[in-house]
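Residue numbers (the UniProt record's numbering): 1 to 726. Backbone N, C-alpha and C define an ideal beta-carbon position, used for all residues, glycine too. I have placed the structure first, in the form of structure tokens, so that the comments after it can refer back to it.
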Amino acid sequence: MIESAAQKLAAELVERREGINRELARNGVCFGVYKNGEYHDRLFPYDPIPRIIESDEFDELEAGLKQRVNALNAYLKDIYSDKNIIHDGVVPEEFVYTSAGYYPQVNGVTPPAGVFAHIAGEDLVQGEDGRWWVLEDNLRIPSGASYPLFARDIERRSNPRLFREVRVRDNRDYPRLLRKAMDFVSTEGIAVVLTPGRYNSAFFEHAYLAEKTGATLAFPEDLEVMENKLFFLDYAGNRHRVGVVYRRLADDYLDPFAFNPDSVIGVPGLLSAYRAGNVAIVNAPGNGAADDKAIYYFVPQMIKYYLDEEPILHNAPTYMPMFEKDRKEVLSRMDELVIKDVAEAGGYGVVFGRDLDKQHREELADRIKEDPRRFIAQEIIQFRDIDVVDPATGEHSPRKADLRAFVVTGQNTHVWYSGLTRYSSVPGQMIVNSSQGGGFKDTWVLAPKNRTIPNHGEEIESVNLMPHARKHSLQLVTASKADNLYWLGRYTERAFTTLVQFYPFYDRVMDDNPDAFRPFARALDLPEDFEDFDTFIHSFLYDGTNPDSVRSAIVSAFNNAVVLRPELSSRLLQYVELAVTNITNAAERSASSSDIYSQRDIADDMLAFWGGIENSAADMTLKAFIFIGKYIERLDLYTRFGMPIEEMEAPLRKLSSYSHALDGMPLPQCFAEGIGWLLGQLPQRGYPELTARLQEFLDDFGKRSITGDRKDPGSFSAMNMDARRP
């Protein structure tokens, strides 16, 4: 009964596939890829046909995953302390110490609360016979939980009644489990999610999990170590003690003092604070010693050694070329095995011997002989195909798929009642990683038929985490984010007002009078000597390479907004994302459509965004930073267009109102710089009264401005409308 209801719901989601993908796109659910040296946000393709796992089947998976991760945690604690498993000959010491993930810098360090792998991403496949096989353990920075978490939210809204009937286990508690694990190991202070930057491939997930857990999203330049303690620096230079760091960058780049000295994205001294026990790091540095593909071979022995239990889940049959017997087996059967380079990840370095010609097979054999520690070989598991909806035909098409299960360890070990199912983009292809072009689908774990749905042993009083979300206030905003808030206000206003003013001028040229448009161009310091009016209009509206275009303003607004997801929320960020989508679509249609008014929706997106900010539960000071930027920009544009002084009253009142919200607070330098620049322009624009009023704001802002070098050289704060502006 439950299974048939699940199939019915799945079929209904197929019909809503395009709508769900649009909703994912408008919320910026994507990952980054680098192509030809340039970064691009790429939508992670979503397939609406879920993987459905029956309750009893998942119960066995859950037990096996807990067992495995508990053993791996015990192994990490052992090899960085007593090393009993080495002394007892279970794991040869050369395998441990030659692992690229083993770091002697953390030898002898027991993390706070004794947890090493707080988040484990366990990659599994299901064979044709229904048996589950573990392919990899990911204990460093496993990613992907945010995608099914976000997708399920959209699926649930599409038909909540059917979800109640199906009784799919709720997956919304992942952020709660993660936050509880972080709080359990925290030493003293706030929780931060440490991201290497906006252009990391998983930045969406970093920001989204910070939002959902109530942690502060921090860039490396926002953190500082003093006296072996880690501090978060706010925009005014105040320090806030950090108790736990959920790091999303690799060990090598974590601390240039301890690891790679050339790293420019690490936090100098972080390892010293960690070694002193003054901060917890999720996951612990050095965890790569346990998820090395070669160490995978020994996990069944670890389970027996540390837990005195038989493994519940199966390893794929694996051969270690370092062992002579295994090496002979691998070299004699290369056309039957899959060979993996243990130094690679993300689907790279995986070679199916059957796909190689004789020459390349011999070359790989020579590399294995030369460096056997670097490779493992495995039997090819014929894992099940799962249907996806072919985006080209709309028909069901079988694809290979794996499952990344997430195991969270704090005071206890919990398996998340969901997971990331990844599927191949090509029929028959067995590599499913997103970096290799694969997509994802939700994973439905069905509830037991005759008993209450388990909830990891706890009652969930609230699943929206609003108490955490309210912690985002100005005191935890960095200097770069203060600039982001201000420029978000300016760029959204720029897009809105230039569009609103554009249409009346454009209407006047409908009767073939391009000269009527020159005052508009002059007001914005745009070229007035256009020979091809249509080309000029296209450039002004749609050209992303033109820094003066409306499209550039919208993209700049988004680039400022995207790092503010935890402060503003995904719900509000979607309006800016939607504006980017609308202007991009309008640009693609412009060559074949004369409907230039179709992009009026963009102005509506800006209005919806501002209204959402105004009515949100965000801290009033956060709102003030955005709206001060907005109204400074509006005064600039209104005076450029020569509007009467009466039109300035409303933005002046708003500017005054939001300024009062910041009384007595230190202010970022951009406030004074923006008004100061505008004051320098007003005399030639003929607004003496406005000049006097704005001078009062400048005097107030200037007295409280924070000066000094900003740590973030890449903040999106350049004024692009004209080169003479700062």
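Measuring alpha carbon to alpha carbon, tell me which of the options ends up nearest residue i.
i: residue 668; options: 689, 394, 331, 628; result: 628
i: residue 493; options: 477, 515, 555, 508; result: 555
i: residue 264; options: 249, 604, 277; result: 249
i: residue 178; options: 234, 223, 120; result: 120
i: residue 745; options: 310, 138, 45; result: This structure does not reach residue 745, given that the chain is present from 1 up to 726, and the question cannot be answered.
i: residue 760; options: 674, 686, 684, 681; result: This structure does not reach residue 760, given that the chain is present from 1 up to 726, and the question cannot be answered.
i: residue 343; options: 371, 329, 650, 333; result: 371
i: residue 220; options: 188, 213, 238, 268; result: 268
i: residue 278; options: 227, 383, 125; result: 227
i: residue 398; options: 68, 392, 406, 386; result: 386
i: residue 327; options: 369, 528, 313; result: 369
i: residue 286; options: 577, 117, 693; result: 117
i: residue 639; options: 672, 616, 532, 524; result: 524
i: residue 442; options: 136, 144, 78; result: 144
i: residue 215; options: 413, 198, 189; result: 189
i: residue 631; options: 620, 57, 650; result: 650
i: residue 337; options: 382, 302, 295; result: 382
Output the boundary residues of the alpha helix (DSSP H) element that contains residue i.
i: residue 651; result: 649 to 660
i: residue 693; result: 688 to 704
i: residue 167; result: Neither: residue 167 is in no alpha helix (DSSP H) and is coded neither H nor E.
i: residue 504; result: 479 to 508
i: residue 154; result: 146 to 158
i: residue 630; result: 620 to 640
i: residue 126; result: Residue 126 -> not in any alpha helix (DSSP H); beta strand (DSSP E) instead, spanning 119 to 126.
i: residue 350; result: First-last for residue 350: 350 to 352, but that is the beta strand (DSSP E), not the alpha helix (DSSP H).
i: residue 442; result: Element bounds for residue 442: not the alpha helix (DSSP H) but the beta strand (DSSP E), 439 to 445.
i: residue 384; result: No alpha helix (DSSP H) holds residue 384; DSSP gives it neither H nor E.
i: residue 420; result: First-last for residue 420: 420 to 423, but that is the beta strand (DSSP E), not the alpha helix (DSSP H).
i: residue 520; result: 518 to 523
Does DSSP classify residue i as helix, strand or coil?
i: residue 13; result: helix
i: residue 344; result: coil
i: residue 718; result: Interpretation of residue 718 is limited by its pLDDT of 31, a score under 50 that renders its predicted location unreliable; no figure is taken from the coordinates.
i: residue 44; result: coil
i: residue 246; result: strand
i: residue 680; result: helix
i: residue 415; result: strand
i: residue 296; result: helix
i: residue 707; result: coil
i: residue 614; result: helix
i: residue 110; result: coil
i: residue 404; result: strand
i: residue 466; result: Caution is warranted here: a pLDDT of 40 is assigned to residue 466, below 50, making its placement in the model unreliable, and the coordinate value is therefore given only provisionally. Note: residue 466 maps to helix in three-state DSSP.
i: residue 397; result: strand
i: residue 461; result: With a pLDDT of only 46 at residue 461, under 50, the local geometry of the prediction cannot be trusted, and the value read off the model is given with reservation. Residue state, collapsed to three classes: coil.
i: residue 260; result: coil
i: residue 471; result: Interpretation of residue 471 is limited by its pLDDT of 47, a score under 50 that renders its predicted location unreliable; no figure is taken from the coordinates.
i: residue 51; result: strand
i: residue 337; result: strand
i: residue 356; result: coil
i: residue 330; result: helix
i: residue 96; result: helix
i: residue 667; result: strand
i: residue 21; result: helix
Name the two residues that bound the continuous beta strand (DSSP E) containing residue i.
i: residue 299; result: From DSSP, residue 299 is part of no beta strand (DSSP E) but of the alpha helix (DSSP H) over 299 to 302.
i: residue 378; result: 375 to 379
i: residue 138; result: 132 to 138
i: residue 280; result: 280 to 282
To the nearest whole angstrom, what separates the beta carbons of residue i and residue j, a pair I think is in contact under 8 Å?
i: residue 101; j: residue 289; result: 5 Å
i: residue 489; j: residue 633; result: 7 Å
i: residue 570; j: residue 211; result: 6 Å
i: residue 244; j: residue 218; result: With 8 Å as the limit, residue 244 and residue 218 do not qualify as a contact, their Cβ atoms being about 12 Å apart.
i: residue 80; j: residue 96; result: Actually they are not in contact, since the Cβ atoms of residue 80 and residue 96 sit about 10 Å apart, beyond 8 Å.
i: residue 154; j: residue 20; result: 5 Å
i: residue 91; j: residue 298; result: 5 Å
i: residue 246; j: residue 266; result: About 15 Å; that fails the 8 Å criterion.
i: residue 642; j: residue 672; result: No, residue 642 and residue 672 are not in contact; Cβ-Cβ is about 26 Å, not under 8 Å.
i: residue 415; j: residue 405; result: 6 Å
i: residue 353; j: residue 335; result: 5 Å
Of all the CB atoms in chain C, is at least one closer than 8 Å to the CB of residue i?
i: residue 258; result: The structure shown has no chain C; it contains just one protein chain.
Problem - Every unbroken beta strand (DSSP E) inside the stretch 164 to 246 [3 residues or more] - result: Complete beta strand (DSSP E) runs here, min 3: 190 to 194, 216 to 218, 223 to 226, 229 to 233.
Exercise for the section: Counting only runs of 4+ residues fully inside the stretch 543 to 613, write out the alpha helix (DSSP H) ranges in chain order. Expected result: 550 to 561, 565 to 568, 570 to 589
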